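Written out below as structure tokens is the structure these notes cover.
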Amino acid sequence: DSETYNVLIESFLCKGLPAEAKYTLDKMMEIGHLPNASTFRSVIDGLYSDGRFQTASRVMKCMLEKDIKENFDLIPNILETLLDRGHVEEVIDRLELMFVKGCAPDLNKLSNGLCEKGKSFTACQLLQFALQKNCNIKAATYDTVLNGLCADG
């Protein structure tokens with residue numbers, strides 16, 4: 010049952026085995042048990058901590074597809090890390106899903122964070138997405154991105 014799977018997943022995570030925890034999560038869903046938000050969050054955290062950012066992103070996508078929107082505190086970190094590593098299309102895909110599900114992160118904060126890391130062009134791509142979605146982007150964010158683009162040459 011679900012509780013047994015949850016205990017097994019937590020055991021794998023406690024032993025530092027996030028890949029096994031994800032495999033168990035997948036099997037759990039395959040046989041028809043829906044993990045709760047806490048279980049999803051634990052697996053995402055374990056994968057993220059282990060440097061498996063894209064796998065964590067895929068678990069996040071699955072969580073969203075199942076309409077589980079709680080425990081999203083790690084999501085901005087995952088998106089920012091993926092953007093830092095050049096996975097812009099994957100992030101845009103996740104953001105699209107988040108907008109559909111009504112749980113989009115603060116794109117101002119994400120854009121500003123990218124500029125602080127010298128990723129102004131990526132921040133510009135994020136702002137283009139925000140414009141397409143009619144997001145409320147602060148003038149200061151546009152200013153930060155434009156200044157970053159000018160500084161980058």
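Just so we're aligned, residue 10 is where the sequence shown starts under our numbering, counting upward by one.
We put the CB at the ideal spot given by N, CA and C, even for glycine.
Predicted, not measured: the structure shown is a model, and the values here were computed from it.
Residue from the options with nearest C-alpha to residue i
i, options, result
"ALA160", "LYS142, SER129, ASN145", "SER129"
"LYS75", "LEU135, VAL109, PRO85", "VAL109"
"VAL97", "GLU12, LEU136, LEU83", "LEU136"
"LYS142", "ALA149, CYS23, GLY162, LEU116", "LEU116"
"GLY122", "LEU140, ASN145, TYR151", "TYR151"
"CYS23", "SER11, CYS144, ALA139, ASP59", "ASP59"
Neighbourhood of residue i by C-beta, 8 Å cutoff - its chain only, sequence neighbours within 5 removed
i, result
"LYS36", "TYR14"
"CYS112", "LEU73, LYS78, PHE81"
"LYS118", "PRO85"
"VAL99", "First, the amino acid is wrong: residue 99 is Glu here, not Val. Around GLU99: GLN63, SER66, LEU91."
Buried/exposed call for residue i, threshold 16 Cβ in 10 Å
i, result
"LYS31", "buried"
"GLY127", "exposed"
"VAL68", "buried"
"GLN134", "buried"
"ILE18", "buried"
"GLU39", "exposed"
"SER120", "buried"
"ALA148", "exposed"
"SER51", "buried"
Same chain, Cβ closer than 6 Å to residue i, five either side skipped, listed in chain order
i, result
"ALA65", "ILE53, LEU56, TYR57, ILE87"
"PHE21", "GLU29, ALA30"
"GLY41", "none"
Nonlocal neighbours in the same chain, by C-beta distance under 7 Å from residue i, ignoring five residues either side
i, result
"SER47", "ASN80"
"ASP93", "LYS126, LYS128"
"CYS124", "ALA132, THR153, VAL154, GLY157"
"THR90", "PHE62"
"LEU26", "none"
"LYS70", "ARG103, LEU106"
"LEU43", "LYS75"
"THR33", "TYR14, LEU17, ILE18, PHE21"
"LEU140", "none"
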